[in-house]
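Undergrad: First residue of the sequence shown: 0, per numbering that gives the first Met the number 0; consecutive thereafter.
A virtual CB, placed ideally from N, CA and C, is assigned to each residue, including glycine.
Please see the structure below; I have some questions.
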Amino acid sequence: MTLIEMKKISKHFPPQIIALENVDFTAEPGEIHCLLGENGAGKTTLMNILYGLYKADTGTIKFEDTLVDINSPRDAIDLKIGMVHQHFRLVKRHTVAENIALGLKCNNALFPLPEVKALIKQVTERYGLSVDPDAYIWELSVGEQQRVEIIKVLCRDIKVLILDEPTSILTPQETETLFNALQLMKQEGIAIIFITHKLDEVMTFSDKVTVLRKGKNVDTVETTAVDKRSLAKLMVGRDVLFRVEKKEACPVEPVLEISDLSALNDSGLKALNGLSLTVCGGEILGVAGVSGNGQRELVEIITGLRKKNGGLVKISGVDVSGLKPGKIAENGVAHIPEDRIHRGSVPDMRVLDNLMLRDYKQYSKGIMLDAETMRTQSNMMVKEYNVDTPSLETPIKLLSGGNIQKVILARELHGSPSLIIASHPTYGLDVGATEQIRNTLLGQRDRGAGVLLISEDLDEIMELSDRVVVIYEGRIMGEVTAETDVSEIGLLMSGGTQ
Ligand SMILES: Nc1ncnc2c1ncn2[C@@H]1O[C@H](COP(=O)(O)OP(=O)(O)O)[C@@H](O)[C@H]1O
Ligand SMILES: [Mg+2]
């Protein structure tokens, strides 16, 4: 008996996106099956179809060898299919137990809370996923919130668990806890469908992997029959070099000096608490940490978007307190922001305008802009950064995440900045775009720029950085090197001391 058999599934989104084309996918009880693919390959769409959120244009789904019609998540839940989405759907003002009770609700009647709590206790003990049922969601870290989502699904009796890129927000310890829980579920015969674009994860713990590329099935293979390199090739369609080629750093004088910085977050709570660090020209300083520990406020202060409460920020030796973002940018600071859609670009504007946002003053001819020079310049930037866009006139919002990020890099790095602030520069991007962006940052370093790299992806931090510091609750907990054990870094990331 096959637990799930999806056959010839096609789905298009009007007007012209073909998200899936004749895709086949099967899952068996007790297997961990990774669904691997670059950004936009169609992974989420395929699983949203299995979970009843989207209706396929064509194709069939069999559950335990019987044809089924899954028209809503309710239908999927009735078939004992559970899904944990990439974006959580918890009610922040409610407690863990109340949220789980909402998920279990049937016929509009809520489960009594004591019963729900007993159920939570049972599930958490069985899978080693601890959580306080009385905690409010807003009190929890994103990793803990995800755990609540998983527990919510496990409180129902399930046969299939779909996880959509669950590890992108977890610390190494949290990832390990999740993997251990998945092993237990597997032993109980649950089929686990694990969406990811991380090859290491596929290799470490999956039994099978199905690769999607541009909405098509590339292959389904036993994990033991492949290696990272061959998987990457299946996924991207070309050879990928894994190690970024990295020369020794030659740091020179400091381009960013921060001492004893303090600041509040938007809710008026302490976000930075006596933070100090230095970045020299010609080096990449990585800041590791779980998001929400002051990274955003730190970046906003350096780039002039937020006021500090105390301490000193010097860029190339100059105190930048009170300078506007535009002035700071003119002083040679490039900013690759965490929110590439809203802060990094203007979604409705053309690729051309987005490329010129930073330097347009340079192209003014009286009150007019020199359209021709701008076009020539933009064309060069698109070529140099390998941006895949139908034209310069295309609104940037129609490009994929990787191409939007390339436009931002092209714009920000044009004019050879001395300091580059890069927040999660490859977050959510596929291996092809990731490789290009990492090489670009290294190239900037070799040219002599200082790079402050903020990322939750420890592999990325360790691979790119020349030095690494760990941030926790608005303070630097310590400096580590490429040789430091991940568990030690994990400890610092969760507030332990060296
Ligand atoms: N609701 C939607 N409306 C329009 N296009 C969509 C929608 N959902 C996904 N897409 C498009 O379908 C393609 C596949 O997306 P998705 O399944 O999210 O990929 P993945 O999860 O592999 O990154 C992408 O081009 C995406 O932009
Ligand atoms: Mg997805």
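At a cut-off of 6 Å, is T43 close to ligand 1 when judged by its beta-carbon and the heavy atoms of the ligand?
TA: Yes; taking the cut-off as 6 Å, the Cβ of T43 has a heavy atom of ligand 1 nearer than that.
Undergrad: Between G29 and G188, which are expected to be in contact by the criterion C-beta below 8 Å, what is the C-beta distance as a whole number of angstroms?
TA: Their Cβ separation, rounded to whole angstroms, is 5 Å, which keeps G29 and G188 in contact under 8 Å.
Undergrad: Would you be able to state if there are at least three C-beta pairs under 8 Å between the stretch 199-215 and the stretch 25-43?
TA: Yes, since at least three Cβ pairs between the stretch 25-43 and the stretch 199-215 fall closer than 8 Å, the two stretches touch.
Undergrad: Could you give the DSSP three-state label for R466: helix, strand or coil?
TA: Residue state, collapsed to three classes: strand.
Undergrad: Any heavy atom of ligand 1 within a distance shorter than 6 Å of the CB on N402?
TA: Flag unset: Cβ of N402 not near ligand 1.
Undergrad: Can you list, in chain order, the residues of its chain with a C-beta nearer than 7 Å to that of I460? Leave out the 5 residues immediately preceding and following it.
TA: So the qualifying residues of the chain are G285, A287, L452, S454 and V467.
Undergrad: What does the Cβ neighbour count give for D429, buried or exposed, with the cut at 16 atoms within 10 Å?
TA: Buried, by the Cβ-count rule.
Undergrad: Is the separation between the beta-carbon of L457 and that of V450 shorter than 7 Å?
TA: Going by C-beta atoms, L457 is not nearer than 7 Å to V450.
Undergrad: For F204, which residues from the same chain have a beta carbon less than 8 Å from its beta carbon, with the 5 sequence-adjacent residues on both sides left out?
TA: Result list for F204: I31, F178, L181 and Q182, in chain order.
Undergrad: Could you give the DSSP three-state label for E97: helix, strand or coil?
TA: Correct three-state label for E97: helix.
Undergrad: So does N38 have its beta carbon nearer than 6 Å to some heavy atom of ligand 1?
TA: Checking every heavy atom of ligand 1 against the Cβ of N38, one is found closer than 6 Å.
Undergrad: Would you mind working out which of C33, L34, D56 and G51 sits nearest L19, comparing C-alpha positions?
TA: Answer by Cα proximity: D56.
Undergrad: Would you mind reading off the limits of the alpha helix (DSSP H) that contains M202?
TA: Counting along the chain, the alpha helix (DSSP H) containing M202 begins and ends at L198 to F204.
Undergrad: Just checking I17 against ligand 1 - is the residue's beta carbon closer than 6 Å to any of the ligand's heavy atoms?
TA: No, the beta carbon of I17 sits no closer than 6 Å to any heavy atom of ligand 1.
Undergrad: According to DSSP, A262 sits in a beta bridge with which residue or residues?
TA: Looking at the DSSP assignment, A262 forms a beta bridge with L271.
Undergrad: Can you tell me whether DSSP reads D156 as helix, strand or coil?
TA: D156: coil per DSSP, three-state reduction.
Undergrad: Can you give the Cα-Cα distance for L354 and T302, rounded to whole angstroms?
TA: Using only the alpha carbons, I get a separation of about 19 Å.
Undergrad: State whether the stretch 248-262 contacts the stretch 310-319, with contact taken as three or more CB pairs (one from each stretch) at a distance under 8 Å.
TA: Touching, yes.
Undergrad: Taking the alpha helix (DSSP H) that N353 belongs to, which residues open and close that run?
TA: Segment V350 to M355, the alpha helix (DSSP H) holding N353.
Undergrad: State whether the stretch 119-137 contacts the stretch 69-81, with contact taken as three or more CB pairs (one from each stretch) at a distance under 8 Å.
TA: No, the stretch 119-137 is not in contact with the stretch 69-81.
Undergrad: Looking at the strands, I want to know which residues DSSP matches up with K474.
TA: For the sequence presented, residue 474 should be read as Arg rather than Lys. DSSP output for R474 lists Y471 as bridge partner(s).
Undergrad: Nearest-angstrom Cα distance between E472 and S167?
TA: Each residue's alpha carbon lies about 20 Å from the other.
Undergrad: May I ask which residues mark the beginning and end of the alpha helix (DSSP H) holding F178?
TA: First-last of the alpha helix (DSSP H) with F178: P171 to Q186.
Undergrad: Looking only at its own chain, which residues have a Cβ that is under 8 Å from the Cβ of V83, when we skip the five neighbours before and after it?
TA: For V83, where only same-chain residues beyond five positions count, the Cβ hits under 8 Å are Q145, E148, I149, V152, L160, I161, L162, D163 and P165.
Undergrad: On a CA-only basis, which of V345, G127, V217 and T483 is nearest E143? Give me that one, please.
TA: Ranking V345, G127, V217 and T483 by Cα distance to E143 puts G127 first.
Undergrad: Work out the CA separation of A262 and N272 for me, nearest whole Å.
TA: Looking at the two C-alpha atoms, the distance is approximately 7 Å.
Undergrad: Expressed to the nearest angstrom, what Euclidean distance is found between the alpha-carbon atoms of E329 and I475?
TA: About 28 Å.
Undergrad: Quick check on this structure: which residue in Q85, V350 and K79 has the alpha carbon closest to the alpha carbon of I403?
TA: Comparing Cα-Cα distances from I403 to each of Q85, V350 and K79, the minimum goes to V350.
Undergrad: Could you check whether the Cβ of F110 sits closer than 6 Å to any heavy atom belonging to ligand 1?
TA: No.
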